[in-house]
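Chemist:
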Amino acid sequence: MKAKKTVRASRSRRIEMLQIYSLMIPVFILIFIFSYIPLYGIVIAFQDYVPGAPFLGEGVKWVGLEHFIDFIQGEYFGRLIRNTLVLSGLNLLFGFTAPILFALLMDQIGALRFKKLVQTASYMPYFISTVVVAGMVISFIDNQGLVTNFLTLFGFERQNYRINPDAFPATYTITNVWKGFGFGSILYFSTISSIDQGLYESAKLDGANRFQQVLHITLPGIKHVIAINLIMAIGGILNTNSDLILLLYTEATYNVADVIGTYTYRLGIVGGQYSYTTAAGLFMSVIGFILTYTANKVSNRLTGMGLW
-7 MKAKKTVRAS RSRRIEMLQI YSLMIPVFIL IFIFSYIPLY GIVIAFQDYV PGAPFLGEGV
53 KWVGLEHFID FIQGEYFGRL IRNTLVLSGL NLLFGFTAPI LFALLMDQIG ALRFKKLVQT
113 ASYMPYFIST VVVAGMVISF IDNQGLVTNF LTLFGFERQN YRINPDAFPA TYTITNVWKG
173 FGFGSILYFS TISSIDQGLY ESAKLDGANR FQQVLHITLP GIKHVIAINL IMAIGGILNT
233 NSDLILLLYT EATYNVADVI GTYTYRLGIV GGQYSYTTAA GLFMSVIGFI LTYTANKVSN
293 RLTGMGLW
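The numbering used here puts the sequence shown at residues -7 to 300.
1. How far does the alpha helix (DSSP H) with Gly227 in it reach, from first residue to last?
2. In whole angstroms, give me the CA-to-CA distance for Ser277 and Ile17.
3. Out of Thr295, Ala244, Val52, which has the shortest C-alpha to C-alpha gap to Tyr153?
4. Going straight from the alpha carbon of Ile92 to that of Tyr180, what length do you get?
5. Ignoring anything shorter than 4 residues, give me the alpha helix (DSSP H) runs that lie fully in the segment 36 to 120, in order along the chain.
6. With 16 other CB atoms within 10 Å as the buried threshold, where does Val125 fall?
7. Residue range of the alpha helix (DSSP H) that Leu259 falls in?
8. Flag this pair as touching only if the segment 281 to 300 and the segment 217 to 236 have three or more C-beta atom pairs under 8 Å; answer yes or no.
9. For Ile120, which option in Ser27, Gly172, Ile130 has the closest C-alpha, if you only look at C-alpha atoms?
10. Take Val169 and list the residues in its own chain whose beta-carbon comes closer than 6 Å to its own, dropping the five residues that flank it on each side.
11. Going by DSSP, what residue range makes up the alpha helix (DSSP H) through Met128?
12. With a threshold of 16 other CB atoms inside 10 Å of the CB of Asn301, please say whether the residue is buried or exposed.
13. Would the beta-carbon of Ser291 fall within 7 Å of that of Asp40?
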């Protein structure tokens, strides 16, 4: 009798898991169509591709690694790598830590209505179109903009900060962080809410203050989420927010704002050099994979947590 119950429970469990996994089928189909099938086009990085020509077959001119060598030896390679690392590094430093700090601060607020209001307000910028956000920023930092007028009160020179190369990294970083920190904190909020409240009660009885509770209970409780997000952030360090940069930068700020994404857009989409820019993108994707793999190995060794 007990054996029959075990078999029924096992069968019920398999059916339940099958139903859950079946919900992922549409997602897998979309990923396959839009992420894996287009990988076939990578072959043009190794040939002189002409729009309209077949990827394989007669008439295809294979050039091997010529485009990769041209990209690495190109006059803009150093500038592109420098700008990409600087802007991505600033975003990693502030954009990665801001959601964590915000979630920790919100967790300390006892007024539930105020807490929900602040959280909702922080999510809203994420859902505003990047084009609209860029338009707002451009209007704020021009000669008569809101930010410019505010800065003049503190003795700063009135100017159009959009064409000031020194101001671009700060403009890009602040805009990027403002737009994404609220939405990025959702995962931390949900993880913090799942921490056993009995741990906090025990800590209070032991005389721990709020900072000590955060340090010894909250942070260890969310460290696995932090580790995974950090791995993903390091792997994507060469993938800056090119859409935002394209909308914010000008020719006057190319020296500090031109990154790999904007460079490949200008030469590939606008200039029609599809093979060359595909090679550049593939080269950076390989570097990104190596960084992700390395960060995952380091995380597994130091924290015992990783993507795999």
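Positions of the beta carbon are idealized from the N, C-alpha and C atoms, including for glycine.
Modeler: Per the coordinate set shown:
1. 211 to 227
2. 27 Å
3. Ala244
4. 7 Å
5. 58 to 65, 69 to 82, 88 to 99, 104 to 115
6. buried
7. Leu259 -> no alpha helix (DSSP H), and no H or E assigned at all.
8. yes
9. Gly172
10. Phe86, Gly87, Ala90
11. 122 to 132
12. Any question about residue 301 goes unanswered here, given that the chain covers just -7 to 300.
13. no
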